[in-house]
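Heads up: the structure comes next, in structure tokens.
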Amino acid sequence: MSERVPLPEVLPGMGAHPLPEDWEAVSAFILVKCRDEEGEIAWSFRTTEEIDPYELLGALTVQADLVRKRMLANWDVDDDESSDESA
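When we follow the working numbering, the leftmost residue of the sequence shown carries the number 2, and every step to the right adds one.
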């Protein structure tokens with residue numbers, strides 16, 4: 002693994018929403034959508050330090066559930082079709 006560098010060097014020109022006032026960042030898992038040297042889109046992740054796998058899995062599971070909930074809220078169900086399925 003390569004040496005860690007400051008985040009602005011990894012994500013030049015990018016920013017993130019700030020943490021609430023008086024919160025202190027302890028570690029980060031960063032999911033990055035990238036364009037590779039051939040112009041293809043790829044996903045990569047970076048961490049600021051080794052993260053406990055149980056903590057990471059828990060945090061990612063919660064985020065996946067929240068995204069799933071948002072997507073389901075936007076799902077448009079035709080009322081006629083849903084009543085046919087219950088018959």
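Ideal placement from N, C-alpha and C gives every residue a C-beta, glycine not left out.
{"Asked": "Rounded C-alpha distance that separates D39 from S28", "Found": "Residue 39 is actually Glu in this sequence, not Asp. So the two alpha carbons sit approximately 31 Å from each other."}
{"Asked": "CA-to-CA distance, K70 to Q64, given in whole angstroms", "Found": "10 Å"}
{"Asked": "Whether R36 touches V11 by CB criterion (8 Å)", "Found": "no"}
{"Asked": "Three-state class that DSSP yields for T62 in the structure shown", "Found": "helix"}
{"Asked": "Of the listed residues F30, L67, W44 and K34, nearest to D53 (C-alpha basis)", "Found": "F30"}
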